[in-house]
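Going by the working numbering, the letters in the sequence shown line up with residues 2 to 160, in that order. Report on the following structure.
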Amino acid sequence: MSKRSIRDGNFFERLGREYRMVFLDDESMEEVTSYKLSMGKLYILGSSLFVAIVLITVSIMLLTPLKYYIPGYGNDKARMQTIKLKQTVDSLTDLVSAQQQYEANIKSIIAGEEPKRDTEMLDMRKVKQEDMSSIVPQTKQIKQNAIEVIKQENKKQKK
2 MSKRSIRDGN
12 FFERLGREYR
22 MVFLDDESME
32 EVTSYKLSMG
42 KLYILGSSLF
52 VAIVLITVSI
62 MLLTPLKYYI
72 PGYGNDKARM
82 QTIKLKQTVD
92 SLTDLVSAQQ
102 QYEANIKSII
112 AGEEPKRDTE
122 MLDMRKVKQE
132 DMSSIVPQTK
142 QIKQNAIEVI
152 KQENKKQKK
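Structural data, given as structure tokens:
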């Protein structure tokens with residue numbers, strides 16, 4: 002067959018054309034095995050092998066502990082622990098800065114200077130309701146006191 006006769010025909014005819022692959026022993030020139038193949042079968046075989054290798058690799062990565070070595074793929078426990086540690090570091094940083102300011106104020110008082118009064122540190126959301134009850138009466142207490150006063154006045158009027 003010439004090169005032209007092999008290349009003749011369209012793409013699909015060439016995919017269907019069968020070829021024979023023979024394995025020979027070099028010393029005895031004896032045929033060990035032979036296969037009838039076509040380009041279409043080779044394409045399907047190669048594609049199937051590629052898909053199988055990809056599926057095996059992905060399943061190994063996702064179904065075994067190897068997934069933890071992939072950057073950005075961590076477990077939820079480690080992520081929550083990281084968040085908790087960041088919050089702890091932030092609160093400790095705030096505590097250290099407050100202690101440093103307290104120490105500076107104590108030193109200035111001992112030195113006889115007027116301490117710096119910082120009202121920005123006061124956060125009304127952090128002040129407990131119980132501490133505020135002595136300054137501002139609560140509505141429940143006002144209602145109870147009013148009810149008790151009315152009951153006492155009613156008792157006095159009945160007598």
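Glycine included, each C-beta is placed from N, C-alpha and C at the ideal position. Just so it is clear, the structure is predicted and the values come from calculations on it, not from any experiment.
Between residue 22 and residue 44, the gap from beta carbon to beta carbon reaches 7 Å or more. Here DSSP, grouped into helix, strand and coil, assigns residue 18 to coil.
Beta-carbon to beta-carbon, residue 19 and residue 39 are separated by about 5 Å, close enough to satisfy the 8 Å threshold. Within the region 30-99, the runs of beta strand (DSSP E) at least 3 residues long that lie entirely inside it are, in chain order, 32-39. Residue pairing by DSSP places residue 24 opposite 34 in a beta bridge.
Assignment of residue 115 by DSSP, reduced to helix, strand and coil, places it in the coil class. Take the alpha-carbon of residue 33 and the one of residue 63: they are about 42 Å apart. Assignment of residue 155 by DSSP, reduced to helix, strand and coil, places it in the helix class. A Cβ-Cβ distance of about 4 Å is found for the pair residue 16 and residue 41, placing them in contact under the 8 Å criterion.
Rounded to the nearest angstrom, the gap between the Cα atoms of residue 101 and residue 95 is 10 Å.
Assignment of residue 11 by DSSP, reduced to helix, strand and coil, places it in the coil class.
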